[in-house]
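What follows is one structure encoded as structure tokens, with my remarks underneath.
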Amino acid sequence: MATLFFGFCVLSQWPESVAGITRHYTFNIMSQNVTRLCHTRSLLSVNGQFPGPRLVAREGDQVLVKVVNHVPNNVSIHWHGVRQLRTGWADGPAYVTQCPIQTGQAYTYNFTITGQRGTLLWHAHNSWLRATLYGPIIILPKRNDSYPFEKPYKAVTIMLGN
Ligand SMILES: *[C@@H]1O[C@H](CO)[C@@H](O)[C@H](O)[C@H]1NC(C)=O
Ligand SMILES: *[C@@H]1O[C@H](CO)[C@@H](O)[C@H](O)[C@H]1NC(C)=O
Ligand SMILES: *[C@@H]1O[C@H](CO)[C@@H](O)[C@H](O)[C@H]1NC(C)=O
Ligand SMILES: *[C@@H]1O[C@H](CO)[C@@H](O)[C@H](O)[C@H]1NC(C)=O
Ligand SMILES: [Cu+2]
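The sequence shown begins at 1320 in our numbering and counts up one residue at a time.
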């Protein structure tokens, strides 16, 4: 199964906000049927979206992601590449920094994005679940701050999965 996903956004169109706000997300881990190239499969998704939802934050923002597990599998979510400064328990690797979130339970990841800008990735951290549980993390510079490169005219997220 090959999947290609395109999302896009014009940077100047994001709503105005002050730096250092709290961003709330809820990730419901659920099972669903998805049809691609004439084949229907059952797979795990976040909020019924595959690939999963975009997590957007500015540098300096606090991010709260409540992950609710509605499936029989143990799940944890890893924020790939996000520096966890004094919030190691929000990193996500099951059995490393936390016990997995069990069926019917929820865990709220709480971390602040510090000193990072760009596009990263979140994904499930146990076994094959990461094959379908993933999505982009888009970190914008602080308001009035610049990118460490020329300001892009437009940002396009391309996710490749299999
Ligand atoms: C997926 O499809 C199977 C077989 O048709 C069905 O039994 C199941 O209820 C469906 N699951 C969902 C979440 O729609
Ligand atoms: C889920 O995690 C719990 C707690 O770590 C563990 O006891 C259980 O065996 C796990 N279940 C599966 C299916 O891996
Ligand atoms: C998130 O972590 C911050 C810093 O440790 C803490 O002040 C805040 O109360 C936490 N929020 C939640 C909802 O856990
Ligand atoms: C951003 O720059 C604009 C124009 O220079 C200014 O009016 C505004 O106060 C600045 N905002 C912050 C958060 O520094
Ligand atoms: Cu990773």
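Just so you know, even glycine gets a beta-carbon here, dropped at the ideal spot from N, CA and C.
Keep in mind that this is a model prediction, so the values were computed, not measured.
Residues bridged to residue i [DSSP beta-bridge criterion]
i	result
G1519	This structure leaves residue 1519 out entirely; the chain is present only between 1320 and 1481.
S1395	According to DSSP, S1395 bridges with nothing at all.
F1430	V1382
Q1417	A1413
R1355	H1358
Nearest-angstrom Cβ-Cβ length linking residue i and residue j, presumed shorter than 8 Å
i	j	result
Q1421	N1393	6 Å
D1380	I1432	6 Å
Rounded separation between residue i and residue j - CA only
i	j	result
G1407	W1447	23 Å
V1365	I1396	11 Å
G1367	Q1351	7 Å
Y1466	R1436	7 Å
H1399	I1457	12 Å
H1389	F1346	10 Å
L1404	L1479	29 Å
M1349	I1340	29 Å
P1419	L1374	21 Å
R1409	L1383	The amino acid at residue 1409 is misidentified as Arg; the sequence shows Ala. Looking at the two C-alpha atoms, the distance is approximately 10 Å.
C1328	Q1424	Any reading at C1328 needs caution, since the residue's pLDDT is 34, under 50, leaving its predicted position unreliable; the model's value is listed next. Those two C-alpha atoms are separated by around 33 Å.
V1401	G1434	10 Å
T1427	T1476	26 Å
A1443	V1386	11 Å
Classification of residue i by the beta-carbon crowding that lies within 10 angstroms, buried from 16 upward
i	result
R1462	exposed
F1430	buried
R1377	buried
F1369	buried
T1451	buried
L1363	buried
L1356	exposed
V1415	exposed
Y1472	exposed
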